[in-house]
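Read the structure below first, then the notes.
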Amino acid sequence: MTRQRNLKSAYEPEAPVYEQDLVAWAFANARLLREGRFDSLDVENIAEELEDMGRSEKRALASHLRVLLLHLLKWQEQPARRSPSWRRSIRNARQEIEEIVAESPSLAQRLPEMIEQAYPKALESAIDETGLPSSNFPPRCPYRQDELLNSTFWP
4 MTRQRNLKSA
14 YEPEAPVYEQ
24 DLVAWAFANA
34 RLLREGRFDS
44 LDVENIAEEL
54 EDMGRSEKRA
64 LASHLRVLLL
74 HLLKWQEQPA
84 RRSPSWRRSI
94 RNARQEIEEI
104 VAESPSLAQR
114 LPEMIEQAYP
124 KALESAIDET
134 GLPSSNFPPR
144 CPYRQDELLN
154 STFWP
């Protein structure tokens, strides 16, 4: 049986093919890394996956920033319609942003740029969702970064 297992493993590739089974490929490459079998690694696809992980975190942060900005704009411009769900959305977005930045501190330095990029999309959504004219909203983000992330800030 041992001989049969050895023969079988001798003919199997070091890792499953990336395009055929991502999970099996990932675990196999992790095993190869731990075993120090660097020549057997699928380096190109590992590099691609690592870059995708970084982009994914950045996209998640941008999404939470848009949600936060949208709900703060609605909160500010429609005080009579404030609801517990808006408050929850604002709190959740702040918590998610805080967690992402804590896990990926390099994203903290990108926050000013990301806020600037997220604001026009949040503004467009706020106009659509509230039905208010665009002139009711500031053309540029009216909130400072420290205000956005401060759990006691409510415009």
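My numbering puts the first residue of the sequence shown at 4, with every later residue one more than the last. Just so you know, even glycine gets a beta-carbon here, dropped at the ideal spot from N, CA and C. Computed from a predicted model, the values in this text were never measured in an experiment.
Let's test the definition: count the other Cβ atoms within 10 Å of the Cβ of Arg34 and tell me whether it reaches 16, buried, or not, exposed. In the sequence shown, the residue the question calls residue 34 occupies position 31. The residue is exposed, with fewer than 16 neighbouring Cβ atoms inside 10 Å.
Please identify the residue among Leu75, Ala29, Trp157, Arg91 whose C-alpha is closest to the C-alpha of Glu51. As a first step, residue 51 is located in the sequence shown; it is residue number 48 there, counting from the start. For the residues Leu75, Ala29, Trp157, Arg91, the minimum Cα distance to Glu51 belongs to Ala29.
At 4 residues or longer, and completely inside the stretch 81-126: list those alpha helix (DSSP H) runs for me, N to C. 87-106
Residue span of the alpha helix (DSSP H) that contains Val20, given as start and end: Position 17 of the sequence shown, counting from 1, holds the residue named residue 20. No alpha helix (DSSP H) holds Val20; DSSP gives it neither H nor E.
Coarse secondary structure for Asp24, derived from DSSP in three states: Position 21 of the sequence shown, counted from the start, is the residue given in the question as residue 24. Of the three classes helix, strand and coil, the one that applies to Asp24 here is coil, per DSSP.
Cα-Cα separation between Leu75 and Arg85, rounded to whole angstroms: The count along the sequence shown starts at 1 and reaches residue 75 at position 72. The count along the sequence shown starts at 1 and reaches residue 85 at position 82. Taking the straight line joining both Cα atoms gives about 10 Å.
Does Phe41 pass the burial test, meaning 16 or more other C-beta atoms within 10 Å, or should it be called exposed? As a working mapping, residue 41 is identified with position 38 in the sequence shown. With fewer than 16 Cβ atoms within 10 Å of its Cβ, Phe41 is classed as exposed.
Considering only residues of the stretch 24-74, which uninterrupted alpha helix (DSSP H) runs meet the minimum length of 4 residues and lie entirely inside it, listed in chain order? 25-37
Name the residue from Asn48, Tyr21, Asp149 whose alpha carbon lies nearest to the alpha carbon of Glu101. On the sequence shown, residue 101 is found 98 positions in, with the first residue counted as 1. It is Asp149 whose Cα lies nearest to the Cα of Glu101.
Around the C-beta of Asp45, are 16 or more other C-beta atoms found within 10 angstroms, so that it is buried, or is it exposed? For the purposes of this step, residue 45 is taken as the residue at position 42 of the sequence shown. It is buried - the Cβ of Asp45 has at least 16 other Cβ atoms within 10 Å.
Rounded to whole angstroms, how far is the Cβ of Lys77 from the Cβ of Ala111, which I believe are closer than 8 Å? Position 74 of the sequence shown, counted from the first residue, corresponds to residue 77. Position 108 of the sequence shown, counted from the first residue, corresponds to residue 111. Rounded, the Cβ-Cβ distance is 26 Å, inconsistent with contact.
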